[in-house]
Amino acid sequence: MQSAVIIGATSGIGRELAKILSGNGYIVGIAGRRTHLLDELRKELPNRSFTKFIDVSKPAAAMNQLEELISEMGGVDLCISSGVGFISPDLRWSLEKRVIDVNVTGFAAMANVAMHHFVQSGRGHLVGISSVAAIRGDGDAPSYNASKAFVSNYMEGLRKRVKRLKLPITVTDIQPGFVDTAMAAGDGLFWVAPPQKAARQIFDAIRRRKRHAYITRRWRLIGWLLKIMPRAVYDRI
Numbered sequence: 005m006q007s008a009v010i011i012g013a014t015s016g017i018g019r020e021l022a023k024i025l026s027g028n029g030y031i032v033g034i035a036g037r038r039t040h041l042l043d044e045l046r047k048e049l050p051n052r053s054f055t056k057f058i059d060v061s062k063p064a065a066a067m068n069q070l071e072e073l074i075s076e077m078g079g080v081d082l083c084i085s086s087g088v089g090f091i092s093p094d095l096r097w098s099l100e101k102r103v104i105d106v107n108v109t110g111f112a113a114m115a116n117v118a119m120h121h122f123v124q125s126g127r128g129h130l131v132g133i134s135s136v137a138a139i140r141g142d143g144d145a146p147s148y149n150a151s152k153a154f155v156s157n158y159m160e161g162l163r164k165r166v167k168r169l170k171l172p173i174t175v176t177d178i179q180p181g182f183v184d185t186a187m188a189a190g191d192g193l194f195w196v197a198p199p200q201k202a203a204r205q206i207f208d209a210i211r212r213r214k215r216h217a218y219i220t221r222r223w224r225l226i227g228w229l230l231k232i233m234p235r236a237v238y239d240r241i
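Written out as structure tokens, the structure reads:
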């Protein structure tokens, strides 16, 4: 039986992924700050599960807590880590710092623990929930887009590292578009996917051990447009 840890399982995509993985026979470790929501989710999971309080904005403690969870589960095959996002047109530092602490430092800390475990085990699968926002900067959420660019770039570096080590470790960069979660805020939203649909497509990417996936799949068109769009055009949007 395979096992997976989901960091950020209290709501949204992480919560739905926990249900899907458990329903497909995984032993699931669910982690996050809101332990009462983890306890509620655990009651819904059909297979064996573990819970752990982890606040990734406090990386030293979070790394120890993730190591404890992996040990309690007897090792894991899959680690999924997500993040947070806020609209911050006025550059409020408390919001900017929160995004950086969670999506940059926190993500790297969790990925570090997972990769060390996978290298020691000789196999594994790391999944990072980045975003289509990683492709270009944004004036209303500058720290969010920049943090997701870090996530995607960091995972590319980890992928190159395990290739040199010649180990069967997969690193998957998930780039969702708009998903109907608390992070989907602001005007002009389109192609907004229910978290259940997004989680199903992410699970498909996990099963196929893909290196990269847009969620939902139609967002590959937006990704392509963002990459080729001239700066003069993008700056007017």
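Numbered continuously in our numbering, the sequence shown closes out at residue 241.
Don't be surprised by glycine CBs; every beta carbon is placed ideally from N, CA and C.
Start-to-end residues for the alpha helix (DSSP H) that takes in Asp-177: Premise fails: Asp-177 lies in the beta strand (DSSP E), 173-180, not in any alpha helix (DSSP H).
Simplified DSSP state of Tyr-30, which is helix, strand or coil: DSSP, reduced to helix, strand and coil, places Tyr-30 outside both helices and strands of the structure shown, so it counts as coil.
Test item: CB-CB of Ala-8 and Leu-82 under 8 Å: yes
Three-state class that DSSP yields for Thr-55 in the structure shown: strand
Span separating the alpha-carbon of Arg-127 from that of Gly-16: 28 Å
Three-state secondary structure assigned by DSSP to Ile-11: strand
Whole-Å CB distance - Gly-87 paired with Phe-57, under 8 Å assumed: Actually they are not in contact, since the Cβ atoms of Gly-87 and Phe-57 sit about 17 Å apart, beyond 8 Å.
Reduced DSSP secondary structure (H/G/I, E/B, other) of Arg-110: Sequence inspection shows Gly at residue 110; the Arg mentioned does not correspond to that position. Note: Gly-110 maps to helix in three-state DSSP.
Contact check, Thr-14 vs Leu-49, beta carbons under 8 Å: No, the pair does not count as a contact, with Cβ atoms beyond the cut-off.
Those residues which DSSP pairs with Gly-245 across a bridge: Here the chain has residues from 5 to 241 only, and residue 245 is not among them.
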